[in-house]
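K.L.:
After the structure tokens below, expect a handful of questions from me.
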Ligand SMILES: [Zn+2]
Ligand SMILES: [Zn+2]
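In our numbering, the protein residues as written are 842 to 1284.
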């Protein structure tokens, strides 16, 4: 099999400014293009304008580099980190071909590029390229598997439900990533962060991508949907507790450690076991406070969140009632209790019952619980609830003591990075987290 090609949506706008370094030509019209190019959308037409040429068309426009590695294009004002605190605009430089299409009364720029070239940028954009080489190799295999699994399952996943048949007073939701129609993946955090080829520390990342060329995670004959999250909290979560009720053999809960669990009861579906697990620090690869290691692992804008292995949030009764009203539109009255109904393998709450003086509703799954109990997102739904002093059955405050960051399914990024620092090889790391998978050379 040859190396596949990926179509990446870079940006959609009324107007796109490009700067071509080297030479690009188009199979759609004559001319050679370099320097500043302005692309605009108006009246159902794309207008393409360089110093010497101007074309308008309704059809897609393609542009190809004269020489793949020598000719590049800069896209001005690409919006990155959409809906995250690091949201901003940046000028980004890319390799490969360009396709311009009309999409919802705007023009979309798509970068067409071989997968291994795309991965080179992703592996450096997603994580800090100072991380260990073994960890970067893991990232390369995961990104490649994820992308190929997406491209294969595209169009198969449409109309997937994300809301279960709810019983009365029960709101159980999960969130599937929406696929893109006109390209395979976007360049932002929604898919994989792909920020071009300008500031990347090309050597380490390039080595990791080159070393793992064509390697993917497979289970039976399927490429694995290689999910990952920031920090599992000690045990990873199984797929069905976060998304739809489907058993995915390579995405099941595993203890994030190689040695004995030091006598902890790891049946975290039980309340007493979860309490002991959260209150004490069980040994885990992702229990890390060493700033030197953290700085090596994470890209700078993620460094603000430091206490993620174990964390705590405190709300007064009024605060939590106001928050719940803002988030759900439900008037609970005074909050009487928060009752865990169902936990997953990692202790993450799958269902939480909120008992108010006026209304009682059960919420799930994990992301929904994280959304309604925080102005932004709680770090995870693996938390225990400690009630404050109670007057007439109403607790004064609630303390949520939790562990981990993110949904916890698949590879634990912090844990994997620490394993890399400690000398584990990339295949050992991958098969630790995706225990039922195999590493296969796909092309
Ligand atoms: Zn996307
Ligand atoms: Zn972990």
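All C-beta atoms in this analysis are idealised placements derived from N, C-alpha and C, irrespective of residue type, glycine included.
Ignoring anything shorter than 3 residues, give me the beta strand (DSSP E) runs that lie fully in the region 947 to 972, in order along the chain.
P.N.:
Runs of the beta strand (DSSP E) inside the region 947 to 972: 947 to 955.
K.L.:
Less than 8 Å between the beta carbons of residue 1094 and residue 1187, yes or no?
P.N.:
yes
K.L.:
Look up residue 860 in the DSSP assignment and say whether it is helix, strand or coil.
P.N.:
strand
K.L.:
Give the secondary structure of residue 1260 by DSSP, where H, G and I count as helix, E and B as strand, and everything else as coil.
P.N.:
helix
K.L.:
Using the C-alpha atoms, what's the distance from residue 937 back to residue 1222?
P.N.:
Distance from the CA of residue 1222 to the CA of residue 937, rounded to the nearest whole angstrom, comes to 42 Å.
K.L.:
Please classify residue 999 as buried or exposed, where buried requires at least 16 other C-beta atoms within 10 Å of its C-beta.
P.N.:
Below a pLDDT of 50, predicted positions are generally treated as unreliable, and residue 999, at 49, falls in that range; no measurement from the model is reported.
K.L.:
Taking 7 Å as the cut-off, is the CB of residue 1126 close to at least one heavy atom of ligand 2?
P.N.:
Taking non-hydrogen atoms of ligand 2 into account, the C-beta of residue 1126 is found less than 7 Å away from one of them.
K.L.:
If we ignore side chains and look at the alpha-carbon of each, how far apart do residue 1142 and residue 1133 end up?
P.N.:
Note that residue 1142 scores 49 on pLDDT, short of 50, meaning its location in the model is unreliable and no value can be drawn from it.
K.L.:
When you compare the region 1238 to 1247 with the region 1057 to 1065, are there three or more beta-carbon pairs, one atom per stretch, that lie closer than 8 Å?
P.N.:
no
K.L.:
Where does residue 857 land, buried or exposed, given buried means 16+ other C-beta within 10 angstroms?
P.N.:
buried
K.L.:
Looking at residue 1256 and ligand 2, is the gap between the Cβ and the nearest heavy atom below 7 Å?
P.N.:
yes
K.L.:
Could you give the residue range of the beta strand (DSSP E) that holds residue 1156?
P.N.:
1151 to 1157
K.L.:
Would you report the Cα separation of residue 1047 and residue 990, rounded to the nearest angstrom?
P.N.:
22 Å
K.L.:
Measuring only the C-alpha atoms, how far is residue 1283 from residue 956?
P.N.:
12 Å
K.L.:
What span of residues does the alpha helix (DSSP H) with residue 976 cover, start to end?
P.N.:
974 to 994
K.L.:
Taking the alpha carbon of residue 1243 as the point to measure from, which residue in 1230, 1189, 1216 has its own alpha carbon closest?
P.N.:
1189
K.L.:
Could you tell me whether the region 933 to 952 touches the region 910 to 921, using the rule of 3 or more Cβ pairs below 8 Å?
P.N.:
Output reads yes: the region 910 to 921 touches the region 933 to 952.
K.L.:
How would you call residue 1266, buried or exposed, if buried means at least 16 neighbouring beta carbons within 10 angstroms?
P.N.:
Answer is exposed; the Cβ neighbour count stays below 16.
K.L.:
For residue 1238, I'd like the list of residues in its chain whose CB is within less than 7 Å of its CB, leaving aside the five on either flank, ordered along the chain.
P.N.:
1155, 1156, 1157, 1158, 1229
K.L.:
Quick one: is residue 910 buried, meaning 16 or more other Cβ sit within 10 Å of its Cβ, or exposed?
P.N.:
Counting Cβ neighbours within 10 Å, residue 910 comes out exposed, since fewer than 16 surround it.
K.L.:
How many Å lie between residue 881 and residue 873 at the Cα?
P.N.:
19 Å
K.L.:
Rounding to the nearest angstrom, what Cα-Cα distance links residue 860 and residue 852 in this structure?
P.N.:
15 Å
K.L.:
Shorter than 7 Å, the distance from the beta carbon of residue 1021 to the closest heavy atom of ligand 1, or not?
P.N.:
yes
K.L.:
What is the DSSP secondary structure of residue 1051, reduced to helix, strand or coil?
P.N.:
helix
K.L.:
Could you tell me which whole alpha helix (DSSP H) segments of length 4 or greater appear in the region 1073 to 1148?
P.N.:
1112 to 1120, 1132 to 1138
K.L.:
Is residue 919 a contact residue of ligand 1, with contact defined as CB to any heavy atom under 7 Å?
P.N.:
Incorrect: residue 919 has no Cβ contact closer than 7 Å to ligand 1.
K.L.:
Hey, out of 850, 959, 940, 1130, whose CA is closest to residue 900's CA?
P.N.:
940
K.L.:
Tell me residue 1020's beta-bridge partners as DSSP assigns them.
P.N.:
DSSP lists no partner for residue 1020.
K.L.:
How far does the beta strand (DSSP E) with residue 1183 in it extend, from its first residue to its last?
P.N.:
1176 to 1184
K.L.:
Between residue 963 and the rest of its own chain, which residues show a CB-CB distance below 7 Å, the 5 nearest in sequence each way excluded?
P.N.:
984, 1033, 1034, 1035
K.L.:
Return the bridge partner residues of residue 1027 from the DSSP annotation.
P.N.:
850
K.L.:
Would the C-beta of residue 946 count as close to ligand 2, meaning under 7 Å from any of its heavy atoms?
P.N.:
No, the Cβ of residue 946 stays beyond 7 Å of every heavy atom of ligand 2.
K.L.:
Might you give, ordered along the chain, the residues of its own chain that have their beta carbon closer than 6 Å to the beta carbon of residue 888, omitting 5 neighbours on each side?
P.N.:
881, 897
K.L.:
May I ask whether a heavy atom of ligand 1 can be found less than 7 Å away from the beta carbon of residue 1027?
P.N.:
yes
K.L.:
Residue 1200 and residue 1172 - do their beta-carbons sit closer together than 8 Å?
P.N.:
yes
K.L.:
So, at 7 Å on beta carbons, what are the nonlocal neighbours of residue 855 in its own chain, with the 5 sequence-adjacent residues on each side left out?
P.N.:
Close CB contacts of residue 855 within its chain, under the 7 Å cut and outside five residues either way in sequence, are with 881, 882, 947 (chain order).
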